Amino acid sequence: CRMRKSYDLFAIWNILKVVRKENIDIINTHSGRDTLLAGIAGRLSSRRPVVVRTRHLALPITSKFTYNVLAHRIVTVSEYVRNYLVSAGVPAQKITAVHTCVNLERFDPGKTGSGLRKELGIDPGAPVVGTVSILRRKKGHHILLDAIPDILEKIPDAVFVFAGNGPQKENIENKIKELGLEEKVFLLGLRNDIPYILNSIDLFVLPTLQEALGTSFVEAMAMGKPVIGADVGGVGELIKDGVNGYLVRPEDSDSLADAVIRTLLDKDKAETMGRQGMEMVRKDFTSERMCRGMYDLYSSLLKEKAG
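Going by the working numbering, the sequence shown opens with residue 10, and the numbers climb by one from there.
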């Protein structure tokens, strides 16, 4: 139902009707607003549905009430977010971490083209470093831009592609001009063909400043690419340093440049890391794995509810 505001009584009434009509046993919410509404509706309903709150972000929580009182269980997308919630006062026994998955049918290098070099007029032999993300400051595009001059000193034919749009676009464009990188950095804008872009690059880099998990890393690994990210949030749950990529110091363009140079200069190691990342994703980040985690949680909650 449509929610007009966080305390919308009409929405609460509609949720109650749906719970009663459909015999709902579990309500899974994904924000503070819907948790408040569904939590109140659940308490008012004679069916007493279990409220599960999924926490997708690594940001500070604004209301312990929705976690400690209204939600019966909390699901987090990473162990990092789980640990944060515990430190914020949410009981550990209420929290279960279930990693985000990737659609392996879509992110399959064997089913995807790789013609981005030709599309952009990039030399077929030039190493291509790519990043896919909304253009927000917390994603660290400015840090990558600061690293590029040092990278080009060692690998002058390297090219960089940024896929995504967002509020930092103008600032990024200006920084590219200031650094004289107009011929080296391609801003692709918002794209719907992310598997194609990932299949066309040699290395995925995202020096994010804050991340609950980092789905874009999972997607890049699914496409067999080595990955480099800052050691923040849940990124370390994805990147095993020196195994499927490299973790670098946060907000450190020198550390980032060194990791990129190291990866691009050792093609055999890069290929091995890409293969290791793909194997990790196909083992631990499939939709089947995520669904099994949620199914097991729901099943245990229903057993508890039944007494």
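From the three backbone atoms N, C-alpha and C, an ideal C-beta is built for every residue, glycine too. Treat the numbers as computed from the prediction; the structure is a model and nothing was measured.
- [ ] Compare the Cα-Cα distances from Arg291 to each of Glu114, Asn77, Thr75, Leu46 and report the closest residue.
- [x] Selected option, being the one with the closest Cα: Glu114.
Open item on the list: Once DSSP output is grouped into helix, strand and coil, what is the label at Thr71?
Closed with: The three-state reading of DSSP puts Thr71 in coil, since its state is none of H, G, I, E or B.
Open item on the list: Using CA atoms only, rank isn't needed, just tell me which of Val60, Trp22, Ala50, Leu53 is closest to Thr38.
Closed with: Cα-wise, what sits closest to Thr38 is Val60.
- [ ] In the DSSP assignment, find the unbroken beta strand (DSSP E) run with Ile104 in it and report its ends.
- [x] Per DSSP, Ile104 belongs to the beta strand (DSSP E) from 104-106.
TODO: Return the Cβ separation of Phe213 and Leu207 in integer angstroms, given the expectation that the two are a contact with Cβ distance under 8 Å.
DONE: About 7 Å separates the beta carbon of Phe213 from that of Leu207, a gap short enough to meet the 8 Å contact definition.
Open item on the list: Taking the straight line between their C-alpha atoms, what separation do you get for Gly149 and Lys120?
Closed with: Roughly 30 Å separates the two Cα atoms.
Open item on the list: Which of the three DSSP states is assigned to Phe195 in this structure?
Closed with: Phe195: strand per DSSP, three-state reduction.
Open item on the list: My output table needs one value for Asp275: the three-state DSSP class, helix, strand or coil.
Closed with: Coil.
- [ ] Give every residue of the same chain whose Cβ lies closer than 7 Å to the Cβ of Pro158, excluding the five residues on either side of it in the sequence, and list them in chain order.
- [x] Cβ neighbours of Pro158 beyond the five flanking positions: Leu188.
TODO: Keeping to the same chain, check which residues put their C-beta closer than 8 Å to that of Asp34; ignore five residues upstream and five downstream.
DONE: So the list reads Arg56, Pro58, Val59, Leu311, Lys314, once near-sequence residues are dropped.
- [ ] Grab the span of the alpha helix (DSSP H) containing Asn23 for me, first residue to last.
- [x] Run containing Asn23: 18-31, per the alpha helix (DSSP H) assignment.
Open item on the list: So, at 6 Å on beta carbons, what are the nonlocal neighbours of Gly254 in its own chain, with the 5 sequence-adjacent residues on each side left out?
Closed with: Contacts found: Pro235, Val236, Ile237, Ile248, Met282.
- [ ] Out of Gly41, Lys178, Glu260, Thr224, point me to the one whose CA is closest to Phe116's CA.
- [x] Of Gly41, Lys178, Glu260, Thr224, the smallest CA-CA separation from Phe116 is found for Thr224.
Task: Val252, buried or exposed, once every other Cβ within 10 Å from all chains shown has been counted against 16 - done: Its Cβ having fewer than 16 others within 10 Å, Val252 is exposed.
Task: Cβ pair Gly175, Thr140 closer than 9 Å - done: Not in contact: Gly175 and Thr140 (Cβ atoms no closer than 9 Å).
Task: Segment contact flag, the segment 75-83 with the segment 92-111, C-beta cutoff 8 Å, min 3 pairs - done: Yes, since at least three Cβ pairs between the segment 75-83 and the segment 92-111 fall closer than 8 Å, the two stretches touch.
Open item on the list: Distance check for Ala80 and Asn183, CA to CA, integer angstroms please.
Closed with: Rounded to whole angstroms, Asn183 and Ala80 show a C-alpha spacing of 45 Å.
Task: Enclosing beta strand (DSSP E) for Val111 [first to last residue] - done: DSSP places Val111 in no beta strand (DSSP E); its state is neither H nor E.
Task: Length of the line joining the Cα atoms of His108 and Val99 - done: Taking the straight line joining both Cα atoms gives about 19 Å.
Task: Neighbourhood of Tyr307 by C-beta, 7 Å cutoff - its chain only, sequence neighbours within 5 removed - done: Within the same chain, Ile35 come within 7 Å of Tyr307 by CB-CB distance, once the 5 residues on both sides are set aside.
- [ ] Starting from the Cα of Glu246, find the closest Cα among Asp293, Leu274, Ser264 and give me that residue.
- [x] Comparing Cα-Cα distances from Glu246 to each of Asp293, Leu274, Ser264, the minimum goes to Asp293.
TODO: Using the Cα positions of Arg52 and Val27, report the straight-line distance between them to the nearest angstrom.
DONE: Cα to Cα, Arg52 sits roughly 14 Å from Val27.
Open item on the list: Please report the straight-line C-alpha distance between Glu179 and Ala20, rounded to a whole angstrom.
Closed with: If you take the alpha carbons of Glu179 and Ala20, they lie about 39 Å apart.
Task: Reference Glu280; option with closest CA among Thr44, Gly316, Ile270, Asp211 - done: Checked all of Thr44, Gly316, Ile270, Asp211; the closest Cα to Glu280 is Asp211.
Open item on the list: Quick check on Ile164: does DSSP put it in helix, strand or coil?
Closed with: It is coil, neither helix nor strand.
Open item on the list: On the criterion of 16 or more Cβ atoms from any shown chain inside 10 Å, does Pro69 qualify as buried, or is it exposed?
Closed with: Classification for Pro69: exposed.
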